[in-house]
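Take a look at the structure below.
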Amino acid sequence: MMRARSVVKFVANTDLDDLAVSSNLNISDSLEMISKRHPNAAQFKIDWILSHQPQHWDSIQNAKNLNFDLQSVRVLKVENIRWDYRVSKKMFHRPERVIHFDMHTVYRNELGNDEENQHTTIEMFDNPDLYFLHLRRFERHLLHPLPVEYNNNFNHSLLMRMNTKMLDQFTKRIEGTEFAEYSFNPWAMEARQTMRDLEQCRREAFGTILDDQNQICQQSSAGCEGMLTAGVNFIKTTQTWTNVAHKALFNSYVEKAKSFSLF
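Numbering (the working numbering), first residue to last: 1196 to 1458.
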């Protein structure tokens, strides 16, 4: 966020499975219009909608076979979403106006032009013109998902228009490239096995089996690298950032046993 200051106007802190959706199919134009209505805003907080999307890895032989398949996205009913995810949102930031934040929350913004009040956070909930889809397998059992109900009133026509635009742009981008002809086999088999391994690792974090009472979870995929049986190694890069703000101690998951006495 600090590096983005005075370089870009808007920043979205998202994951790879988050897809920003705008009714005009242009995120930048949407944010510009909203900024004009709220000139003192530091960020716009919008809905983060949990969705399911069937995967058809086995049919992908090369990049030309790829289809984003947004028409197959199914949005879950709110009642089927765990409470903490239900109330979580995602944000677009004006980076030069933000001081302290995390993925879903803002703790402090810079002072506004009056130098007394902070720049504001604009909440845009239940807005059909701008939101994030969270294309994620929420449940622990990846290959045998728990039964859920879907929101049949969700407007899928926008996703179909968006899928057409994305596919057209992707096709033009790879046309005539070596990547377009590159064979992904046996990528489909490796991807499926890797997902199984990651799911198992996250369920058995630090040797503890997850259940309804025990919610501990191995959040770091890198911590699961040793359990990947498909032989796909993580690609790592040298750390080039110096962390000057983080003051927390390294997490330790064990502690010295305490002595107990009545005397």
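Every residue gets a Cβ at the ideal spot worked out from N, C-alpha and C, and that includes glycine.
Taking DSSP as the reference, what is the three-state secondary structure of residue i?
i: E1318; result: strand
i: D1363; result: helix
i: F1333; result: Because the pLDDT at F1333 is just 44, under 50, the model does not fix this residue reliably, and the point stays unresolved.
i: R1198; result: coil
i: K1259; result: helix
i: S1352; result: helix
i: E1305; result: coil
i: Q1395; result: helix
i: N1446; result: For N1446, the pLDDT reaches just 43, beneath the cut-off of 50, and the residue's location in the model is therefore unreliable, although a value from the coordinates is still provided. Coil at N1446, not helix or strand.
i: A1425; result: coil
i: F1379; result: coil
i: Q1313; result: strand
i: F1205; result: coil
i: W1436; result: coil
Alpha carbon to alpha carbon, how far is residue j from residue i? Give it in angstroms, no decimals.
i: L1271; j: A1199; result: 34 Å
i: L1328; j: E1344; result: 17 Å
i: M1228; j: R1292; result: 18 Å
i: H1351; j: M1298; result: 27 Å
i: Y1302; j: Q1313; result: 11 Å
i: K1231; j: I1294; result: 22 Å
i: F1429; j: N1235; result: 42 Å
i: S1254; j: A1237; result: 44 Å
i: P1158; j: Q1266; result: No information on residue 1158 is available, as it lies outside the stretch 1196 to 1458 that the chain covers here.
i: F1365; j: I1222; result: 17 Å
i: T1435; j: Y1377; result: 32 Å
i: N1219; j: N1322; result: 13 Å
i: L1353; j: N1346; result: 15 Å
i: I1241; j: L1325; result: 7 Å
i: F1349; j: D1279; result: 22 Å
i: T1432; j: E1420; result: 15 Å
i: I1369; j: P1249; result: 24 Å
i: M1196; j: F1379; result: 35 Å
i: H1251; j: T1372; result: 24 Å
i: S1217; j: E1311; result: 34 Å
i: L1226; j: R1289; result: 10 Å
i: H1233; j: L1211; result: 28 Å
Out of the options, state which residue places its alpha-carbon closest to the alpha-carbon of residue i.
i: L1330; options: A1207, S1201 and A1215; result: A1215
i: F1258; options: E1420, K1367 and T1433; result: Here the sequence assigns Ala to residue 1258, which means Phe is not the residue at that position. Considering only alpha carbons, the answer is K1367.
i: V1282; options: L1245, E1420, M1384 and C1419; result: L1245
i: R1391; options: Y1377, M1422 and G1371; result: M1422
i: H1247; options: I1241, W1436, D1324 and D1213; result: D1213
i: V1206; options: F1287, Q1266, N1275 and R1277; result: F1287
i: A1425; options: N1221, Q1388 and W1436; result: Q1388
i: A1375; options: Q1256, M1197, D1224 and K1204; result: Q1256
i: K1284; options: R1277, E1274 and T1300; result: T1300
i: K1204; options: D1224, F1296 and I1276; result: D1224
i: F1296; options: S1201, T1209 and T1432; result: T1209
i: M1355; options: H1251, M1196, H1233 and V1268; result: V1268
i: V1273; options: W1243, T1372, R1289 and E1373; result: W1243
At a threshold of 8 Å, does residue i count as lining the ligand NAP (C-beta to nearest heavy atom)?
i: M1384; result: The model depicted lacks the ligand NAP and carries no ligand whatsoever.
Contact the region 1351 to 1362 vs the region 1380 to 1395: 3+ CB pairs below 8 Å: no
With three or more C-beta pairs closer than 8 Å as the rule, is the region 1296 to 1309 touching the region 1373 to 1387? no
Taking only runs of the alpha helix (DSSP H) that begin and end inside the region 1220 to 1294, which ones reach a length of at least 4 residues, in chain order? 1222 to 1232 and 1278 to 1281
Cβ pair count under 8 Å reaching 3, the region 1308 to 1326 against the region 1261 to 1280: no
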